[in-house]
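A.B. asks: Here you go, one structure.
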Amino acid sequence: MTEKEKIWLRQYPKAVPANLDYPDKPLTDFLARSAADFPDKEAIIFMGKRITFRELLEEVCRCANMFKDLGIKQGDRVSVMLPNCPQAVIAYYAALWVGAIVVQTNPMYVERELEHQLVDSKAETIVCLDMVYPKVAKVKDRTQLKRVIVTSIKDYLPFPKNWLYPLKLMKDGIKVQIPYDTGEVHRFSSLLKKALPTPVDSPVKSMDDVALLQYTGGTTGLAKAAMLTHRNLVANVVQCSAWMYKSERGQEKMLGIVPFFHVYGMTTVMNYAIYQAATMVLLPRFEPEDVLKTISRERPTLFPGAPTIYIGLLNHPNLERYDLSSIKTCLSGSAPLPLMVQEKFEQVSGGRLVEGYGLTESSPVTHANPIWERRKNGSIGLPWPDTDCRIVDPATGEELPPGEVGEIQVRGPQVMKGYWNREEETAQVLRDGWLSTGDIGTMDDEGYFYIMDRKKDMIIASGYNIYPREVEEVLYQHPAVKEAAVIGVPDPYRGETVKAFIVLKQGEEVGEADMNTYCREKLASYKVPRLYEFREELPKTTVGKILRRVLADEERKKAAHSNTKNGS
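Just so we're aligned, residue 614 is where the sequence shown starts under the numbering used here, counting upward by one.
Right, here's the structure in full:
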């Protein structure tokens, strides 16, 4: 695309260039640079434990030497199955340092999901938490795993928390027996102490070498891995830094709630913090009370999150007791950000909360609203520097003019190399460098982009296209609604009809008739939900994205059961 065709560049903040320079060095170089520039600055704060950049680099070097001593070499896959904790950062950067490919693995995976990922990636090494070791042990013999390295949360807790941690597990009735020193199962802390802290020469010579296998559900079938290169990851971090141009290197504190095993948390929290020499305040899971206490105590300035995280904090009964005024910037991703949530969180924190967009296949960020300049409500913002974007007809692939609705395609240095061992699926989504996102959207005449919905989530009722996000936005404006999700369900007359799943705020009582009256005032009649279901909670991913597909699966099973019962 020519600069003239990129109409969004006219809306760019003056401080953000259209094109950036990207270091021709592996991602690990960022850690070496930050440790050299800010050796005594805290890199990680974890449940009271404080680790400087000098100490973090030393731990990463030890871990890299440990991996080399175990026989891990360039191109080998290393699964990292950890929550947000120091070990997750150490193992990730150490694996990259020896030229291995990191396989980010969700600790909450059930055995079936874990087995698929390990078999598909052919990982021979896994670094996991002691709490999840039983799952690893059960699937190990059906995979290519040669070595299991086990760590514990207590390994990086300060005194006396590290002494009290085992007592807490006993109190909670949690007991895990691990057969250490068998030749295949190793204790992370013991191996690390034995390893040398000397720097390791990275064998990575090409920035196009794969650094990460990031698994994504995609549109159908089993999860597949996006191959993200060092170039992809470096580019997205540099783009992120350019967009957040008011953030000062070596001066910021980053709240790390979004899990690192998710590509969004990995880039916008971990990799960005290492690049910017920002302190990461890590929390292994999202508990609203803990988050609010941590913000008040540690005073973070940057807070990447997901809409459900902000919703959870805003609905905490004691929110007004906590001081959130340290927060300057929040980038919301992984799911649409309701306008009401954006406005209320900005009121209580005084910071700026803007919506961005991305996907696993693009490392992940491709768009965001300007943080300090003009943003457009409901928009995912503008394409980032060096990122091309267009709207195409899903059937013909023809590029559409502003205002038309079609599929979003993106192209840029952050776009993946392809899917791991899936040439056919790669060819379906990657053509001439353009990535077909599967998202339906539009671009206005100023270059701001809007997501209507996932192509697969669009509801067609009586021939009308209905986008769940639009209906959800209306539901979120109702003062009694805490969370909402909308799906299409089979309808014998309309083909599909709209069903809304709603979680009410504590103490609120609203019925189906009330919601129907409310929606009819704000939506065209064909968009109004015909069915409502009130729930205590909605199914979510680990980053808080509401899973419409789980709700749709539940509805399909209900329908199948009903048909079987009726003999049809």
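C-beta: ideal position from N, C-alpha, C; glycine also. The model shown is predicted, which means the values in this text are computed figures rather than measured ones.
1. When the Cα atoms are used, what is the spatial distance from R1133 to L1088?
2. For P998, which of L805, S692, A855 and V813 has the nearest alpha-carbon?
3. Just to check my reading of the structure: T1050 and V978 have Cβ atoms closer than 8 angstroms, yes? What is that Cβ distance to the nearest angstrom?
4. Which residues does DSSP list as the beta-bridge partners of Q790?
5. Within a Cβ cutoff of 7 angstroms, which residues of the same chain sit near S909, ignoring the five residues on either side of it in sequence?
6. Secondary structure at K906, three-state DSSP: helix, strand or coil?
7. Alpha helix (DSSP H) containing I703: first to last residue?
8. Report, in whole angstroms, the separation of the C-beta atoms of L709 and A701, which I expect to be a contact under 8 angstroms.
9. Give the DSSP-derived three-state secondary structure of A808 in the structure shown.
10. Would the region 910-923 count as touching the region 1146-1166 if we require 3 or more Cβ pairs under 8 angstroms?
11. Does the distance from the C-beta atom of Y1139 to that of I1079 stay below 9 angstroms?
12. So which of V1099, A1097, Q1119 and S992 has the shortest CA-CA distance to F1062?
13. Does the Cβ-Cβ distance between E1020 and K1068 come in under 9 angstroms?
14. With a CB to CB cut of under 8 angstroms and the five nearest residues on each side skipped, what residues in its chain are close to T833?
15. Can you say whether M867 is buried or exposed, counting buried as having 16 or more other CB atoms within 10 angstroms of its CB?
16. Answer yes if the region 717-727 comes into contact with the region 634-653, meaning at least three C-beta pairs across the two stretches below 8 angstroms, and no otherwise.
17. For T665, name the three-state secondary structure that DSSP assigns.
18. In three-state DSSP terms, what is A919?
19. In the DSSP assignment, find the alpha helix (DSSP H) that holds A648 and state where it starts and stops.
20. Expressed to the nearest angstrom, what Euclidean distance is found between the alpha-carbon atoms of V1116 and R1082?
21. Helix, strand or coil, according to DSSP, for V692 in the structure here?
22. Nearest to V745 by CA position, among V761, S945, L1164 and S734, is which residue?
23. How long is the line joining the alpha carbons of K957 and G963, rounded to whole angstroms?
24. Which two residues bound the contiguous alpha helix (DSSP H) that contains P1081?
25. When the Cα of C741 is compared with those of G712, P773 and I703, which residue comes out closest?
26. By a C-beta neighbour count over all protein chains shown, 10 Å radius and 16 as the cutoff for buried, is F772 buried or exposed?
27. Beta carbon of L1048, beta carbon of S975: below 9 angstroms?
28. Starting from the Cα of A1097, find the closest Cα among T1130, P1103 and P1142 and give me that residue.
29. Using only alpha-carbon positions, find the residue among P1103, T842 and Y885 that is nearest to R862.
30. Helix, strand or coil, according to DSSP, for S939 in the structure here?
31. Quick one: what does DSSP say Y722 is sitting in, helix, strand or coil?
32. Who are the near neighbours of M614 in its chain, counting only those whose CB is closer than 6 angstroms to its CB and skipping five residues on each side?
33. Grab me the residues of H875's own chain with a C-beta within less than 7 angstroms of its C-beta, minus the 5 sequence neighbours each way, in chain order.
34. Is it buried or exposed for Y625, if we count other Cβ within 10 angstroms and need 16 for buried?
35. Taking 7 angstroms as the limit between beta carbons, can you name the residues of its chain near S815, skipping five residues before and five after?
36. Kindly list the residues whose CB is nearer than 7 angstroms to the CB of G831, restricted to its own chain and excluding five residues on each side of it in sequence; keep chain order.
C.D. replies: Working from what's here:
1. Here residue 1133 is taken as the residue at index 520 of the sequence shown, counted from 1. Here residue 1088 is taken as the residue at index 475 of the sequence shown, counted from 1. So the two alpha carbons sit approximately 11 angstroms from each other.
2. Reading the sequence shown from its first residue, position 385 is the one you call residue 998. Comparing C-alpha distances from P998 to each of L805, S692, A855 and V813 shows the shortest one belongs to A855.
3. Stepping through the sequence shown from its first residue, residue 1050 is reached at position 437. Stepping through the sequence shown from its first residue, residue 978 is reached at position 365. That belief does not hold up - the Cβ atoms of T1050 and V978 are roughly 13 angstroms apart, past 8 angstroms.
4. Reading the sequence shown from its first residue, position 177 is the one you call residue 790. BP columns for Q790 are empty, so no partner.
5. By one-based count along the sequence shown, residue 909 stands at place 296. For S909, same chain residues with a beta-carbon under 7 angstroms away, outside a window of 5 residues either side, are Y935 and D936 in chain order.
6. Here residue 906 refers to the residue found at position 293 when the sequence shown is read from its first residue. Helix.
7. Reading the sequence shown from its first residue, position 90 is the one you call residue 703. I703 -> alpha helix (DSSP H) spans P699 to W710.
8. For the purposes of this step, residue 709 is taken as the residue at position 96 of the sequence shown. For the purposes of this step, residue 701 is taken as the residue at position 88 of the sequence shown. No, L709 and A701 are not in contact; Cβ-Cβ is about 13 angstroms, not under 8 angstroms.
9. Indexing the sequence shown from 1 puts residue 808 at position 195. A808: coil per DSSP, three-state reduction.
10. The region 910-923 and the region 1146-1166 touch, with no fewer than 3 CB-CB distances between them shorter than 8 angstroms.
11. Along the sequence shown, one-based indexing puts residue 1139 at 526. Along the sequence shown, one-based indexing puts residue 1079 at 466. Contact: yes.
12. Here residue 1062 is taken as the residue at index 449 of the sequence shown, counted from 1. The candidate whose alpha carbon is nearest that of F1062 is S992.
13. Counting from 1 along the sequence shown, the entry for residue 1020 is found at position 407. Counting from 1 along the sequence shown, the entry for residue 1068 is found at position 455. Against a cut-off of 9 angstroms, the Cβ pair of K1068 and E1020 comes out as a contact.
14. If you number the sequence shown from 1, residue 833 lands on position 220. Confidence at T833 is low in this model, with a pLDDT of 40, below 50, so its placement is unreliable and the value that follows should be read with caution. Here T833 has no same chain residue with a Cβ atom under 8 angstroms from its own Cβ, once five neighbours each way along the sequence are excluded.
15. In the sequence shown, residue 867 corresponds to position 254, counting from 1. By the neighbour-count criterion, in which a residue is buried when 16 or more other Cβ atoms sit within 10 angstroms of its Cβ, M867 is buried.
16. No contact exists between the region 634-653 and the region 717-727.
17. Stepping through the sequence shown from its first residue, residue 665 is reached at position 52. Three-state result, T665: strand.
18. Against the sequence shown, residue 919 aligns to sequence position 306. For A919, the secondary structure class from DSSP, reduced to helix, strand or coil, is coil.
19. Position 35 of the sequence shown, counting from 1, holds the residue named residue 648. Residues D642 to D650.
20. Taking the first residue of the sequence shown as position 1, residue 1116 is located at position 503. Taking the first residue of the sequence shown as position 1, residue 1082 is located at position 469. Rounded to whole angstroms, V1116 to R1082 spans 16 angstroms at the Cα level.
21. In the sequence shown, counting from the first residue as 1, residue 692 sits at position 79. Correcting the residue type first, residue 692 is Ser in the shown sequence and not Val. Strand.
22. Taking the first residue of the sequence shown as position 1, residue 745 is located at position 132. Ranked by Cα distance from V745, the options V761, S945, L1164 and S734 are led by V761.
23. Sequence index remark: in the sequence shown, residue 957 carries index 344 (1-based). Sequence index remark: in the sequence shown, residue 963 carries index 350 (1-based). In a straight line, the C-alpha of K957 is about 10 angstroms away from that of G963.
24. Your numbering for residue 1081 matches position 468 in the sequence shown. DSSP places P1081 in the uninterrupted alpha helix (DSSP H) bounded by P1081 to Y1089.
25. Locating residue 741 in the sequence shown gives position 128, where the first residue counts as 1. Residue I703 is the option with its Cα nearest to C741.
26. Sequence index remark: in the sequence shown, residue 772 carries index 159 (1-based). It is exposed - the Cβ of F772 has fewer than 16 other Cβ atoms within 10 Å.
27. What you label residue 1048 is simply residue 435 of the sequence shown in a count that begins at 1. What you label residue 975 is simply residue 362 of the sequence shown in a count that begins at 1. For the pair L1048 and S975, the CB atoms are nearer than the 9 angstroms cut-off.
28. One-based indexing of the sequence shown puts residue 1097 at position 484. The closest CA to that of A1097, considering only T1130, P1103 and P1142, is found on P1142.
29. Start at 1 with the first residue of the sequence shown, and residue 862 comes out as number 249. Of the listed residues, the one whose Cα sits closest to R862 is Y885.
30. As a first step, residue 939 must be located in the sequence shown, where it is residue number 326. Residue state, collapsed to three classes: coil.
31. Locating residue 722 in the sequence shown gives position 109, where the first residue counts as 1. Looking at Y722 - three-state DSSP - the assignment turns out to be coil, as it is neither helix nor strand.
32. For the purposes of this step, residue 614 is identified with residue 1 of the sequence shown, where counting begins at 1. Correct list, in chain order: D1001.
33. As a working mapping, residue 875 is identified with position 262 in the sequence shown. So the qualifying residues of the chain are T1155 and V1156.
34. As a position in the sequence shown, residue 625 is number 12, starting the count at 1. With 16 or more other Cβ atoms within 10 Å, it is buried.
35. In the sequence shown, the residue the question calls residue 815 occupies position 202. These residues qualify, in order along the chain: P639, T641, W710 and G712.
36. Sequence index remark: in the sequence shown, residue 831 carries index 218 (1-based). Bear in mind that the predicted position of G831 carries a pLDDT of just 43, short of 50, making it unreliable; the figure below should be weighed with that in mind. Counting only Cβ-Cβ distances below 7 angstroms, and skipping sequence neighbours, we find K837.
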